[in-house]
Structure formats: structure tokens, C-alpha cells
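Below is one structure, written out as C-alpha cells; the observations come after it.
Chains as they are written, first to last, in the working numbering: chain A, 1 to 316; chain B, 1001 to 1316.
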């Protein structure tokens, strides 16, 4: 039983019948109609030391990354973050650590205009839980909604964070290594891109578990298949230089933690989306197509290409 | 440095200048003006196994108690709970445990009409983080606002949960022991009472850390003193029978985990508050008075009475 089955079995039934809940459990965030006005979007994420980040990761990076990961969920709904609460569990009071952690979190919150309004600090093994409340100016982006013939886009480059995990023990990093580590420690939440997709994309998700795993979520929610052309996966020069083409490709296709957006767009909206991304100076790439069927298929030219799925992140 | 200092130093500065944040960090919940309509109240709490509840506590009780503790924060603001997100950290997948835990949480959420709309399940040492979003039909109750001459009320009886902690290792409990254990495992969030106090009470807090510690929060926030008449502390028959008068009194005055409300009311509103509580079939008791000065003083008749403060709960 993986996390998705577990949530489906035990926790989805706990969303009471409520016409104000436009989207409950099962997407990047919940969408709530708040007293007839605009939508409120809620997302929560827990990062546990030793599971989601290394025990010895710098406190500022833990703070920044925790914030960015959560803001990314809000971005994937086409919303913008407004308020956050922090549940911080720490083994003891280390003022230096707390100073750096709060600085890192503050950096990313300030960047996105998000206010920390509540928190609870408890003693225990290091873990960071954040709950974000965002707002959306229209119907939110969801995982369901892919249509036959939709083009599949991704933002940025893929696989960098997965590559960084291979370099954790390296003390001396070259420029490429530093670039990759920064991509892991400071993922960029694609809030402006997500907002610009409202009304133009049919489905959206943020890539936390890896492209393969997350496109599967889109397929399952939309009851469609997605065919990905692996030649088109956007790969950074740093990833390519450090690991070579084959490993870079595997990381891009299946490695998690990049927090880029994957979204599907009807061909008639593609030009508009490309223009807006250009205006936002946000790199986006067309990597595949939605088709009838189910599941994700990777192709290289006309050939079906099997890729190891092992690196898609699983909580259990 | 205790939790309160830590939050003040590192996290309070992270609430950006924002006129919509009516109450930021430093109360039981945050209060946000949501797009000109009614207030949104947000509270978060983390319960860690071995810190906030025993490792071997029954899963259903962990679920129920986690929900009730968080709903109590919403109640202390005079609001009612509407939506919740769950950050659950578990060492592994134990379906039986998850079934019972989700049943317990569902029981308390159903009782209060609260929908679970989001969650994140991660692997790690057992911890439960809940964030609740509530709504209030007017200006919320806060910790500040005590006025000279206010009567200090508490709901229910005090010290029962503290007593229950002494009985954790007992396998066979008599009726009183069972009553106390139930008070620990299933605290009753005083939502209806809290809502009825809007506009009538001057300050309110829920008693999580113990009466002494929590009244101190009211005093500090309001820059007033509170004098408590310990003869008037409401003590259950079960607590009295099990521990005798002196220990029962200490538990009532300083033991945490009861999640009753403590609130202050101007004498001219006292009759109204007593009548409403009677209508709600909610026991409330007048236990003291707000005065000029600072800090909490316990009195027995005319004598000042020193009570050990050790049992007031501290996170660090």
C-alpha cells in the first residue's frame, strides 16, 4: 500500500458532503468556495529529516526548500500563496539553527508575498510541516481535465534535483555541481506561470515525485494516456555535463524534487501559452501528447523506450 | 529559551505587514479578513508521540484527541471549525492502526461538521499535525482585552487530564479512573460556548498548558493581573476521589491538557454569559478576578497560596 492508496482508503472519506468544497483530497491543493467570493486554496506538506532532506542539510536551505515545495503546490492549482502556518518539530533549541532556518523560510515567503500567521513548535525528531492558504482568481487547475490531443508541457529543466542527490557527499563541487545543488535546495515555485495558465491549460500538476509518476497522476485523474517524446525532455547543461546523456535522461524522466509544472494545453491555446511564458521569461517545453488510453509511455523516435521507474519518489 | 520566546524571536517577524491579518502569531489562532467578508481563523498544532501522548496510546484516541485539541484552539477564538488538513508522519503502514486513527479523527470532525480537505502522509517517527480553518461571525476573542474588575470564568472541570497521566500504567481502572482517562483521550472542544462569548467576553484562551500558565498568557497579553480563588476551582468527583483534595487542587491549578476555556467577562455581562451557558448545558464557574498589575496569584480565603508550577506543560 503506497501513500496514494492509503490516503484514498482512509482519509478521502473524511471530506464531508459540502458543496463549498470544490476540490477535496487528491490534488495538489484543496479548493474551497469561501462565502461566495473567490476561491481559497489549501495545501499541506511535511518534510522529515532523513526522508525528504539530508539530516545535515543547511538550516537556511531546509527553510527555503520547505517553503518553496509548499508554494509549488499552490502554483500547480493556478493560485497564489497568501498565508502560511508552520508546524516545526525540533530535537532541541539551537538558536543558530533557528535563526538560519527562519531566514531561509522568510526569504522564500517574502519573494512570494506570503505571511506566516501561525505556528506550533514541538520537541521531537526534526520535521517541518507547512500549510499554505492561497487564493485563485477563477476556477483552479486540476489534475483531471486532460483532453485527447492536448500538448503536454513542462516548465524549466528536469532531473537537476535528482542529480544533486548523487552529489550530496561531495565536498568540492564544480560549477555544474553547485548549479544542481542549488536546484535541489532552492526550487523555484512557478506561481506566475501557474496563474497565467488559468483558463488556458486543461490540467496541471507540480513535479515532486518525478515526471513519470506525476504524469501518471494526470493520466489516472483524467482517464487518458500520455505519450512522452524523451528526446524533447528539457535537460540542463549542468546535468548533462555531470552525468552524461543516459543518466541525465533517466533523472529527467523519473527523478523527483524538481517542482517544475507539468500541464496539458489544447493545441489551439498553445501559441497563447508559449507567448505568455516568453513574456514571463519562463522556459517551457512541449514534451508529449495526451491520447486515448491509460498510463504513460516514453518514446524515442518511433520506438517505445523503457525507463527504470525506481527513482520516482515514494513516501513508503 | 522556551517555546514562547522562540516563536517571538524567530517567527513573529515573518508575518508581513498586511492589513488583512487582524491577528498574527501569538494567540490560539490567526484571524484573517478574507476579501472583505467574514473572518477566517487558522490554527495549527503538532502532537508528537512520546511528547504529547504516550507511544502506546490507542490509535482511535490519538485521532480523536488530535482533532479535539485543534478544534479547541478555534473555539478559544469564538470561531467554528470548517476545514482541516492533516500532516501525518508514521513509521510504516499499519492498516489496522490507520483504520482506527482515521475513525477517531473522523468522529470528532463529524461531531463539529469539519471537513478534511487535504493531507500529506510521510514516513518518520509518529507525529500528527493538523491545521484547521474556521470562520467567525464577528470580531474574534483574543488573549488581550482583560479589563480591571472582569470576572474570570473557566468551563467544565480542571485537572482531570493531568490526573489521567498518573494512571497511564494502570491496567485496571475503576469508574473514576475511566472517567479521567476519557477526559484525557476525548477532550471536549467548547465550540458552542466560544461562539456564544463573542461580544460578551473580553478575553479568552483554551487551557492546554494548565490554568496557571494559560492565565499568565492572558495577563501578559492584557497587561493585567489575575487573582484566582482556589476554593472555587471546579474539580470533578472522580479527580477528588482518586487523588484527594490537595493533589486534585494542584492538578486543577497547574495541570495541562484539559482544553477547557478560560475567559474574562465584565460583571455587567456575567448574568448573560451564565444564562447562555445554562441554555447550552455547559458548566462554567467564576474562579477569580482581573486586577491592575501583572501575573497570576492564587488565594485561599485571604491567604496567598503558592502552588508548584512544575506541571504546567512546556514544549522545551
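For each residue, glycine too, the CB sits at the ideal point set by N, CA and C.
None of the values given here were measured: they were computed from a predicted structure.
Can the beta-carbon of residue i be found closer than 8 Å to that of residue j?
i	j	result
residue 193/A	residue 277/A	yes
residue 1190/B	residue 1075/B	yes
residue 139/A	residue 114/A	no
residue 1087/B	residue 87/A	yes
residue 1242/B	residue 1176/B	yes
residue 203/A	residue 145/A	yes
residue 1128/B	residue 133/A	no
residue 1285/B	residue 1153/B	yes
residue 49/A	residue 126/A	yes
residue 1178/B	residue 1296/B	no
residue 1205/B	residue 1161/B	no
residue 234/A	residue 301/A	no
residue 1077/B	residue 1135/B	no
residue 1237/B	residue 51/A	no
residue 187/A	residue 258/A	yes
residue 1143/B	residue 1221/B	yes
residue 173/A	residue 183/A	no
Counting only Cβ pairs nearer than 7 Å, list the residues of chain B close to residue i.
i	result
residue 120/A	1044, 1045 and 1046
residue 129/A	1046, 1087 and 1129
Between the options, which lies nearest to residue i when the distance is taken from Cα to Cα?
i	options	result
residue 84/A	44/A, 107/A and 51/A	44/A
residue 1022/B	142/A, 237/A, 201/A and 117/A	117/A
residue 1131/B	1004/B, 1030/B and 1156/B	1030/B
residue 120/A	1046/B, 1188/B and 1149/B	1046/B
residue 1096/B	102/A, 273/A, 295/A and 9/A	9/A
residue 1016/B	94/A, 68/A, 60/A and 110/A	110/A
residue 1148/B	1294/B, 1303/B, 1302/B and 1184/B	1294/B
residue 11/A	18/A, 1/A, 19/A and 26/A	26/A
residue 1018/B	1004/B, 1034/B and 1304/B	1034/B
residue 20/A	5/A, 28/A, 13/A and 39/A	39/A
residue 1056/B	1185/B, 1013/B and 1004/B	1185/B
residue 1092/B	1/A, 94/A and 180/A	1/A
residue 1207/B	1267/B, 1251/B, 1280/B and 1275/B	1251/B
residue 1200/B	1281/B, 1224/B, 1267/B and 1303/B	1267/B
residue 168/A	32/A, 283/A, 54/A and 28/A	54/A
residue 317/A	1226/B, 1094/B, 1172/B and 1225/B	Since the first residue shown for chain A is 1 and the last is 316, residue 317/A is missing from the structure and cannot be characterised.
residue 240/A	264/A, 195/A, 224/A and 163/A	163/A
residue 1089/B	3/A, 281/A and 79/A	3/A
residue 195/A	32/A, 106/A and 280/A	280/A
residue 1306/B	1265/B, 1246/B and 1264/B	1246/B
residue 1079/B	1275/B, 1223/B, 1032/B and 1059/B	1032/B
Can you pull the chain A neighbours of residue i, defined as C-beta to C-beta under 9 Å?
i	result
residue 1102/B	9, 10, 11, 13 and 14
residue 1105/B	11 and 14
Just to make sure I have the definition right: I need the residues of chain A whose C-beta is within less than 7 Å of the C-beta of residue i. Which are they?
i	result
residue 1125/B	124 and 125
residue 1115/B	15, 16, 18 and 21
residue 1006/B	93, 98 and 121
Using a cut-off of 9 Å between C-beta atoms, extract the partners of residue i located in chain B.
i	result
residue 109/A	1014 and 1016
In chain A, which residues lie less than 8 Å from residue i when you measure between Cβ atoms?
i	result
residue 1099/B	10
residue 1025/B	116, 117, 118 and 119
residue 1318/B	Any property of residue 1318/B remains undetermined from this structure, which presents chain B solely from 1001 to 1316.
Which whole-angstrom value describes the C-beta separation of residue i and residue j, a residue pair presumed to lie in contact below a C-beta threshold of 8 Å?
i	j	result
residue 321/A	residue 158/A	As shown, chain A starts at 1 and ends at 316. That puts residue 321/A outside it, with no answer to give.
residue 1141/B	residue 1197/B	6 Å
residue 1254/B	residue 1218/B	Rounded, the Cβ-Cβ distance is 15 Å, inconsistent with contact.
residue 1108/B	residue 1064/B	5 Å
residue 232/A	residue 287/A	5 Å
residue 71/A	residue 112/A	6 Å
residue 230/A	residue 283/A	Incorrect: roughly 18 Å between the Cβ atoms, too far for contact.
residue 14/A	residue 1066/B	Incorrect: roughly 13 Å between the Cβ atoms, too far for contact.
residue 209/A	residue 256/A	5 Å
Quick one: which chain B residues come within Cβ less than 8 Å of residue i?
i	result
residue 30/A	1083, 1085, 1117 and 1118
residue 51/A	1122, 1123 and 1124
If you measure from the CB of residue i, is any heavy atom of the ligand FAD nearer than 7 Å?
i	result
residue 1061/B	Among the components modelled here there is no ligand, and therefore nothing to report on the ligand FAD.
Taking beta-carbon pairs under 8 Å, can you tell me which members of the region 214-238 of chain A lie near chain B? none
Identify each residue in the region 1130-1144 of chain B for which the Cβ-Cβ distance to at least one residue of chain A is less than 8 Å, and report them in chain order. 1131, 1133 and 1135
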